[in-house]
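Heads up, the thing below is written out as structure tokens.
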Amino acid sequence: MDLGPYIERLARRQAEVEAALSDAGVFAQPQRAQELGREFARLRELCGAGQAWLKTRRDLEESRQLLAAESAESELAQLVREDLDRLEQQESRLARELLAGLVPPDPADSRNTIVEIRAGAGGMESSLFAADLYRMYARYAEARGWKAETMDSSASDLGGFKEIIFSVAGVDVYKRLKYESGVHRVQRVPATEAQGRIHTSTVTVAVLPEAQEVDVEIKPDEIEITVCRASGPGGQGVNTTDSAVQILHKPSGLVVRCADQRSQQKNKARALTVLRSRLLEQRVAEEDARYAAQRRAQVGTGERNERIRTYNFPQNRVTDHRIELTLYNLTTVMDGDIDCLIEPLMNDDLNRRITQWTQTVPGMA
3 MDLGPYIERL
13 ARRQAEVEAA
23 LSDAGVFAQP
33 QRAQELGREF
43 ARLRELCGAG
53 QAWLKTRRDL
63 EESRQLLAAE
73 SAESELAQLV
83 REDLDRLEQQ
93 ESRLARELLA
103 GLVPPDPADS
113 RNTIVEIRAG
123 AGGMESSLFA
133 ADLYRMYARY
143 AEARGWKAET
153 MDSSASDLGG
163 FKEIIFSVAG
173 VDVYKRLKYE
183 SGVHRVQRVP
193 ATEAQGRIHT
203 STVTVAVLPE
213 AQEVDVEIKP
223 DEIEITVCRA
233 SGPGGQGVNT
243 TDSAVQILHK
253 PSGLVVRCAD
263 QRSQQKNKAR
273 ALTVLRSRLL
283 EQRVAEEDAR
293 YAAQRRAQVG
303 TGERNERIRT
313 YNFPQNRVTD
323 HRIELTLYNL
333 TTVMDGDIDC
343 LIEPLMNDDL
353 NRRITQWTQT
363 VPGMA
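For the sequence shown, my numbering begins at 3 and goes up steadily by one.
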């Protein structure tokens, strides 16, 4: 696999971006300047890996020539073989770093995210586990320096949630959380179970990239907005004004409600954000259906009928069924340490995309 032409292309693009950033006029457009800055940082890292890969290839060739000229039993030949092993491993690692940067990323990876958690089968136990998953994601967001804000919720008895919707803002939020879409199954003895029997319940998680106004156009005559008094625990002004907002999107029949803020305008803005994201997800799902055969094997399709993960509390076990990964650290996972699940999923997804990309690009297969 010859990565040389692609390294040259990366170097040319780095020079172009650097020249653009040196133009003071670009900073009159802050969003454009930020995009160029992020691209330059990524290109600089990739070009560094590219130069290291080229040097490693040269060193490998020199070592192979030296080994061919030596007696197979000589002490120098043994040292060269050891060096060859090291260089081959280094070349493989650097090639993977380069391929990971060359493969087109998901354009939504850098977006903020809306997460919707809904209780499924299992009654009260399902709603309790929905609350547990919400706490897990909130702690994960806090550990990564992200900002999580509740947008709407419907509480159940005993501290659970029938439904909770929240936004997460930060760096690479959707890139990491998108693998959480699907059906999460829990196996444990509920607090209300007197005879100690293990129950199985399910919770549905939907992870939506936050849509921008340019992604989905919502015409004023396509929506019906109603306001009402927020429900839930009372307090200073919380339930004394008509601040809750419900939006009906007539063409699709989608209904979105937001009541977390005291301000009616803030709730309206948040509800529109959720509506755009759901409409964007709907559009993407329709497009994905045209390529169902190709995408069926991919990780993280987000289909609601997927049982993606099982949380078995008696055995302290968590299993991700998509990559057949089983870990015995459920306690730490529920405390928000879920990188041990997300990283293998990201790695598996990247391997698939690299394979697909190399098969379609001339000279890469």
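Note that beta-carbon positions come from the ideal geometry of N, C-alpha and C, so glycine has one too.
| Check | Outcome |
| --- | --- |
| Proximity below 9 Å, CB of Cys342 to CB of Asn353 | no |
| Proximity of Thr204 and Arg319 at Cβ, strictly below 9 Å | no |
| Contact check, Asp108 vs Lys180, beta carbons under 9 Å | yes |
| For Ala171, three-class secondary structure by DSSP | strand |
| Glu219, DSSP secondary structure in three states | coil |
| Cα-Cα separation, Gly6 to Lys270 | 52 Å |
| Per-residue burial, Val335 [other beta carbons within 10 Å of its own, 16 or more giving buried] | buried |
| Exposure of Gln263, with buried meaning 16 or more beta-carbon neighbours within 10 Å | buried |
| Same chain, Cβ closer than 8 Å to Tyr136, five either side skipped, listed in chain order | Ile119, Phe163, Ile166 and Phe168 |
| Residue interval of the alpha helix (DSSP H) (run including Lys57) | Pro32 to Ala71 |
| For Met138 and Gly161, the rounded distance between their alpha carbons | 15 Å |
| Distance cut-off 8 Å: Ser128 Cβ against heavy atoms of the ligand HEM | Questions concerning the ligand HEM fall outside what the structure shown contains, since it holds no ligand whatsoever. |
| Pairwise C-alpha distance: Ile356 and Thr362 | 10 Å |
| Those residues which DSSP pairs with Phe163 across a bridge | Ala157 |
| Beta strand (DSSP E) runs contained entirely in the segment 76 to 128, provided each spans 3 or more residues | 115 to 121 |
| Cβ-based neighbour list, Ser128, same chain, cut-off 7 Å, excluding 5 preceding and 5 following | Ala121, Gly122, Ser203, Thr204 and Val205 |
| Which residues DSSP lists as bridging Lys149, in chain order | Ala171 |
| Strand pairing of Gln189, partner residues [DSSP] | Thr202 and Asn314 |
| CB-CB length for Arg59 against Glu93, believed under 8 Å | 6 Å |
| Cβ-Cβ distance between Ala145 and Gly338 below 9 Å | yes |
| Test item: CB-CB of Glu49 and Gln16 under 9 Å | Correcting the residue identity first, residue 49 is Cys in this sequence and not Glu. Result yes, Cβ atoms of Cys49 and Gln16 sit closer than 9 Å. |
| Alpha-carbon to alpha-carbon, Glu63 and Lys177 | 38 Å |
| Distance, Ser112 Cα to Leu101 Cα | 19 Å |
| N- and C-terminal bounds of the alpha helix (DSSP H) containing Glu226 | Note, Glu226: premise wrong, no alpha helix (DSSP H); beta strand (DSSP E) at Ile225 to Cys230. |
| Among Val191, Val247 and Trp148, nearest to Ile227 - alpha-carbon criterion | Val247 |
| Start and end residues, beta strand (DSSP E) containing Ile249 | Ala246 to His251 |
| Start-to-end residues for the beta strand (DSSP E) that takes in Val258 | Leu256 to Cys260 |
| Close Cβ partners of Ile340 (< 6 Å) along its chain, the five nearest in sequence each way excluded | Tyr142 |
| Cβ shell of Ala13 (< 7 Å), same chain only, five flanking positions each side left out | Cys49 |
| Residue closest to Ala213, alpha-carbon to alpha-carbon, out of Leu256, Gly198 and Leu274 | Leu274 |
| Under the three-state DSSP convention, the category Ala287 falls into | helix |
| Rounded straight-line distance, which links the Cα of Gly124 to that of Met153 | 25 Å |
| Spatial neighbours of Glu195 in its chain, beta-carbon cut-off 8 Å, leaving aside the 5 residues before and after | His201 |
| 8 Å contact criterion, which Val191 and Gly198 should meet: CB distance rounded | 6 Å |
| Coil, strand or helix - Tyr293 by DSSP | Caution is warranted here: a pLDDT of 40 is assigned to Tyr293, below 50, making its placement in the model unreliable, and no coordinate value can be reported. |
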